[in-house]
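Chains as they are written, first to last, in my numbering: chain S, 15 to 390; chain Y, 15 to 390; chain R, 15 to 390; chain W, 15 to 390. Even for Gly, the Cβ is constructed at its ideal location relative to N, Cα and C. None of these values were measured; they are calculated from a predicted model. Notes follow the structure.
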């Protein structure tokens, strides 16, 4: 047995072993010689292979944190040692965080690759050096749409392979898995109420059923209700469903999906979790005022009019905040898609007219093909 | 295109095309030369290959109807033309039916192959010529257990491959299918209450869920309730479940499973069907007194205190009485099992001590192997 | 027991009992007084309630057959007796069929409700009396898009509630059900290859799995392949999948999806069926030249180079051509949607600019709400 | 917010919150005054409520470790502080472990409650003070059957509610969950081969399918193969299945289920895990000789003739050795069953004749009822 490498290096090596599509896409990335790329993203281990691909292709790369809370210092240091300019550190205070972005923008990037559109928004979408950008989040796309962009930006959030794998399957499965890990409890025989029946809600409902729960679905949209009913899920209103629900998951992308007023309808002992992007789907403030105990990490026991309610992960996106997010092998598809999108951006993409464009299907398909058959 | 053969012959040819395990078992059947076999069974097309196998092996064969209602005259005639002594015709009156059995018993059979144990029961299990028997039904086994048998009888009703395929899967699937065919309606979005959660009930619950129903399960046995709850089925009491149920299936093997008193709790417009062996699981007499219309074959509309209830197939076993029973390809396993059991009976089986015995696992396995790999 | 009404009347009464959303939508239909409606549709029993609603609302109504092969004479006569002008009869020859359409167009309709766009196409979309139309099929929409329309036409084919129920669930379930009914065989233990993984293909794959098949999926689109793989379906190429497939279903909407050249790769004894809209997905001509027997209705046995292949329903849409199409209760949603769409068309819709428009979501939602809660 | 209690106390309090059936059974436990109970079990947190119930009922209680490796010192200390005589500590060496058992036996227990039958086996089943016992494991039951017992012992391993929940569902779900946690990888699109299709294997196959895997099943028993085929699982031989399997789970209860010779047929990069009771199902010694790296806890990378294979949890029972075993809420049923069994043993049970008996169904049902409706 050889001596063990340190944990971080081992984890990165493990990640590499299960990201063959990333490797394949990286190998086919056109030259980025002469490009100055600004990447605004979560500075997490899973992003390392993306940066490696950019550097290999000859780009000059700067990175800013999409959210200081998610920055992993080891990752920032590793990227720095590889030649990426990345001053961010975990929990940078707002002024430091802002200064980093300002400096990065000031360095005159030619291409942007963003999660949340901070760089574009902070420059009104008119930064003169920029020839084009990529945006990975629905929130970012919404911000971009309100700007008079001077360059094309490609939306790869809503592409079918990302929606179809991540949103439709992974979030739900990881949420159910995280429930087991965080509570030490099963879903067998429990009634789970899924609030919101978009792709994420569908995944949660399917996963909860396969984990043994009796699942009900609540969505005010009649077409969504119909879709749930066709799979045998009862579709009560929120008020009618709450008194039966042992566990509630919100997945609506809508603040106030579960208003504070309905808490009194909840079943005694119910668990409340959110898997939508916004922390405001559950009445977090109301619940937080009534916390009486923190019996386990990510679990807060609240007393609401004499009833116990458990708030999970403080109402933040449960599978991420209390779990490990996407598995490495499935994130391989996401990274391959980012690399393909970057290669496309630097070549054909910059020739598109200013404004937001969907990432062309043939670019998506290239990533999907590499993921399905990395050796082909 | 060659000219078409007549329908019956075509159907038989079709059956033969999809029963390779039967053919394989028949080819390996030991000689039955010198044996006089009395077969008491449903005189249905699917039984023809069994008789052919017996005749090929040199047996002298007589047949009686297990139930005059299920006798198909074309089958009886065909068997007769092949050399089987079979006086039965469809809907023979009780005295004729009894006379046929008496004559068959009087002919001094050496081996019995029964469905329901009529021949054995009518002779107290002491017919001197008989060296051994087979029995295919739970009802028959119950009758046999009360007798002081003079010969061994092998029970092949409760063998895992019959229970596991027929009871666990086919009955449920065919019941759901027959519901579509008989009512012209789907199960999408309907609440289905399954009363009785043995193997048959499990199959019905699974099939109804996969046909789009919200399924609930009612079984007084707590272990059965637990098993249902682990798959996410709510488990109300009968009284609590009835007001929600659009469709009710009984599968309890127990007369009076749904007593007449609870009919008033049923949902207006509910469909009531039974897939258990006994017609008495539903309160058929009570319902039949209240029939106001027969809107479709196998459907009776009843008025129960101002509510409409639909009785399906008169409360008889729904998948058989209103549907076509087992598919040909899966019945192949049943026939192969009958042939293997007969071969075993005539050789080793007759040496067993008197009484009821389970059919040995190695005999079952032979049939299962031929079914899984008919060409091996 | 009252005397039984005749079969057609009983069937219509049964249909009415299970179409409460239709009744609810009909009750809310605005006055159509003064409108001359031309309906081009399948003259099937299920369409009767739509015509009744139109007449009740005061419209003058004419009907033409969308396809003479699907016209049911009893329906045409009934509609005639109700006051609809409908000369069509089953299997009208092309010239008669054309003459009916010509006469109907000549009568100067003010509104059109079509399945296939024959009336609009035959007048180049410029008929002066017409103020607006509805179109129910993808084929019709494609025809409309090539015309310079003088009026607005609303597309209700691609609305989520139709796609999500009919395409995603019903076609697949009814195809699996029809396979059992037509062949007398189960899908247990069979390998089913689904070619094409759009909504219909997904429904077929799910249904086949729940009927006990080992399902594989073949779709050249990598995003579709990924989606199938995420549900645990192997995703071979057509050539790699065919030698294992006991049953093949095409659902691609693409002629030549299974080219004649690959027939030699099929497994001996395989069944070939199509559930896509076009009969050309399977190599029907090639197979038809090799038919050696017609062992059952809708089943043709072909000899392809010494191998037996079974062509089902002549390659036409299997669930319709060999089965009964949508159940009555689920068609209720379709009819309610047609009525809501017609009411919208006659009021707000005619004010839209010329061209093809999606049916507004609020109109869809009205139908969905009535279907979910007909009494609300 | 009150100050947080220490972790162990919090965990115990959490456990208590989710074990209402245990509480209910404990409340109904008959007096054990005058009984000296010897409990041989895993000294794990989940066992604490059982001991509390025994003490509350007035018993004098001693405890020995069923396996020194699973002893948790905090648990042993807590039990000691409550009045249980329990000298065991984690990883006691064999001589200390043996001495503890000897002392406990020497103290003259009147009742035994065992997991593995060490106390009974070490005294030949003839210890004079003992009036009866309970045994919780299949291994223990096998040992008991070879002894000439002087007292009755009740087997509660094979009771349906334990088999049906724990074996059939929990092991499979927790194994799939543990795979995610231990490897950081998903099962999406992977081919999982389940070797052994008893209740545990069925649970693994269902869970793996619901986690997105293409599942195949291998079991030499034809009845088991048939059962798997009816659910659409391909059923290759081990040799035919291995080259396709990305992940293999053994669940056969048979040493040598995967012999060393077939390792060369494995797919490069395959993961090998065992969920059966015995560590010998996989060729652990052969694999351990070829370990080249330990990239993550519970993961060993082996080089087998140039191919990489990953051995998980060293071939020990994966869900326990690398995961957290049963969730607290479902273990509630197990504890309630133990308490009911102990109450029965001390009253009626001791009156049974010597030998092994199944735990009567009414005792099981009492536990199941408390679990289903703890407040009833």
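The residue among 126/Y, 172/Y, 340/Y with its C-alpha nearest the C-alpha of residue 183/Y is 340/Y. Restricting attention to alpha helix (DSSP H) runs no shorter than 4 residues, the segment 36-80 of chain S encloses them at 62-70, ordered along the chain. Taken atom to atom, the span from the alpha-carbon of residue 193/S to that of residue 217/W is near 19 Å. According to DSSP, residue 229/Y shares a beta bridge with 206/Y.
Residue range 213-224 is occupied by the alpha helix (DSSP H) that includes residue 218/Y. A distance below 8 Å separates the beta carbons of residue 266/W and residue 295/W.
In the three-state reduction of the DSSP assignment, residue 252/R falls in the helix class, which pools H, G and I.
Secondary structure at residue 352/Y: helix, using DSSP grouped into helix, strand and coil.
Burial is judged here by how many other beta carbons sit within 10 angstroms of a residue's own beta carbon; residue 142/S has fewer than 16 and is exposed. The C-beta of residue 96/Y has fewer than 16 other C-beta atoms within 10 Å across all chains shown, which makes the residue exposed. For residue 324/S, the secondary structure class from DSSP, reduced to helix, strand or coil, is strand. With respect to the 8 Å criterion, residue 139/R and residue 161/R are classified as neighbours on the basis of their beta carbons. Residue 336/S places its beta carbon less than 8 Å from that of residue 326/S. Proximity of residue 224/W to chain Y, defined by a Cβ-Cβ separation below 8 Å, is not satisfied. The three-state secondary structure of residue 319/Y, taken from DSSP, is coil. A Cβ-Cβ contact shorter than 8 Å links residue 207/Y with residue 232/Y. Contact between the segment 67-82 of chain R and the segment 46-57 of chain R is present: three or more C-beta pairs spanning the two stretches fall below 8 Å. Exclusion of the five residues before and after residue 329/S leaves 288, 293, 296, 298 as the residues of its chain whose Cβ lies within less than 6 Å of its Cβ. Not a single C-beta of chain S is nearer than 8 Å to the C-beta of residue 108/R. The Cβ of residue 355/S sits no closer than 8 Å to any Cβ of chain R. Annotation for residue 166/W: the continuous beta strand (DSSP E) segment containing it runs 166-169. Using a Cβ-Cβ cut-off of 8 Å, residue 164/R does not count as an interface residue toward chain Y, since no Cβ of chain Y sits closer than that to its own. Checking the DSSP bridge columns, you'll see residue 26/Y has no partner listed.
When CB distances to chain R are screened at a threshold of 8 Å, the residues of the segment 241-257 of chain W falling below it are 243, 244, 245, 246, 247, 248, in chain order. For residue 263/W, the enclosing beta strand (DSSP E) has its first and last residue at 261-264. In the structure shown, the three-state DSSP call for residue 346/S is helix. At a cut-off of 8 Å between beta-carbon atoms, residue 183/S makes contact with chain R. For residue 313/R, the pairing in a beta bridge is given by DSSP as 310/R, 326/R.
Flagged as an interface residue toward chain R: residue 237/S, by a C-beta distance shorter than 8 Å. Contact annotation: the segment 301-311 of chain S does not touch the segment 242-251 of chain S, with fewer than three C-beta pairs closer than 8 Å.
Nearest to residue 205/S by alpha-carbon distance, out of 213/S, 196/S, 211/S, 222/S, is 222/S. The segment 21-41 of chain Y makes no contact with the segment 86-96 of chain S, as fewer than three CB pairs between them are under 8 Å. Between the C-alpha atoms of residue 224/R and residue 148/S there is a straight-line separation of about 41 Å.
Not flagged as an interface residue toward chain S: residue 211/Y, since no C-beta distance is shorter than 8 Å. Sequence-distant Cβ neighbours of residue 364/S in its own chain, meaning closer than 6 Å and more than five residues away, are 145, 146.
When C-alpha distances from residue 214/W are compared across 47/W, 28/W, 331/W, 349/W, the shortest belongs to 331/W.
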